[in-house]
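Just so we're on the same page, our numbering is the position in the sequence shown counted from 1, plus 460. These notes are about the structure you will find just below.
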Amino acid sequence: MADEADIGSRGDVLVTGASSGIGRATVVRLSTLGYRVTALARTGVALEALAGETGCLPLELDLTDTEMMEEVLGHASYDILVNNAGTGAGMGPLTGASARDVDIQIDVNLRAPLHLTRLLLPGMVARGRGHVVSIGSIAGRYPFPGMAVYGGVKAAINQMAKALRLDLLGAGIRVTTIAPGRVETGIFATMLNGDAEAARDRFFEGYESLLPEDVAEAIAWAVAQPPRVNVGHIELTPTRQVPGGLSFARGKDGDNG
Ligand SMILES: NC(=O)c1ccc[n+]([C@@H]2O[C@H](COP(=O)([O-])OP(=O)(O)OC[C@H]3O[C@@H](n4cnc5c(N)ncnc54)[C@H](OP(=O)(O)O)[C@@H]3O)[C@@H](O)[C@H]2O)c1
């Protein structure tokens, strides 16, 4: 695992949620392009394997532990932060959700990117360069059933990025959100308590979803632009997936008992 002296000095890019899915593919792509990448997640063995494959610096950290995050990354400096870590745990209708279901979504998908950005931005501002890339979702822009919390949190990620652009006017820092539709990753298994087979049957079998590499390519494109170019927002969906629509329930006032 990472030596304290290495953190933020060897790596120009910090990618969170790097042990699988989009984050892993992003580490592979950015490493291939010559970026020095620190790969953060909780699963050390997956990070070690990725380090062997790409030369990235593995950093084992639980992003729900804000105190530890501050200790490890409080003095780090990165030119590019990719806020990618996310969870499907607790996702589902708010009716019947537990307090834990709500909190885990907020802690991993919103609180952590806010704190990471808060910790790493001052260094970027001092150096007059930097790039914060955050992975939102089409669920942050269009309403999906059962996604009041996840969608609300992802909408907040979009709004965070827009507000940052205003706060950072003239500072030389770029801010990008990437909003994917369905990507074939393990996040759907985390939604179903880790049942990968059920997730495959329900979400992937018979559908042509995006691949993690598709999203990694969009991230790589955004960060590789010349410094004068800020890519604000990229939405990418599978060609056969279309968000939107309007629902109308039959019935009249009083029909619900
Ligand atoms: N897949 C999709 O269809 C889709 C669509 C739109 C947006 N997204 C977004 O894309 C991002 C990446 O998700 P993915 O689809 O690639 O899912 P994934 O394969 O499940 O990856 C999630 C990553 O987040 C890490 N993570 C989870 N909790 C963490 C914690 N407490 N501390 C540190 N790392 C943590 C996981 O690593 P460890 O378990 O090792 O910690 C893993 O590396 C998420 O923000 C997700 O909301 C996904």
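For every residue, glycine included, the Cβ atom is placed at its ideal position computed from N, Cα and C.
Per the DSSP secondary-structure output, residue 591 pairs in a beta bridge with 540 and 634. With 16 or more other Cβ atoms inside 10 Å of its own Cβ, residue 614 counts as buried. The straight-line gap separating the alpha-carbon atoms of residue 545 and residue 568 is approximately 7 Å. Selection 596, 653, 680 and 605 evaluated against residue 641 yields 596 as nearest (Cα-Cα).
Runs of the alpha helix (DSSP H) spanning 4 or more residues and lying entirely within the stretch 488-565 occur at 504-514 and 526-533, in chain order. According to DSSP, residue 694 shares a beta bridge with 638. With 16 or more other Cβ atoms inside 10 Å of its own Cβ, residue 538 counts as buried. Shown here, residue 628 sits in coil according to DSSP, grouped into three states, outside any helix or strand.
Sequence-distant partners of residue 502 (beyond 5 residues in either direction) whose C-beta falls short of 6 Å from its own C-beta, in its chain, are 522.
The nearest non-hydrogen atom of ligand 1 is less than 6 Å from the C-beta of residue 640. In terms of side-chain proximity, the C-beta atom of residue 595 is found nearer than 6 Å to a non-hydrogen atom of ligand 1. Residue 671 has its alpha-carbon roughly 5 Å from the corresponding atom of residue 644. Each of 629, 490, 663 and 531 was checked against the Cα of residue 515, and the nearest Cα belongs to 490. By the Cβ test, the stretch 579-589 is not in contact with the stretch 599-617, since fewer than three Cβ pairs between them sit closer than 8 Å. A straight line joining the alpha-carbon of residue 493 with that of residue 507 spans about 19 Å.
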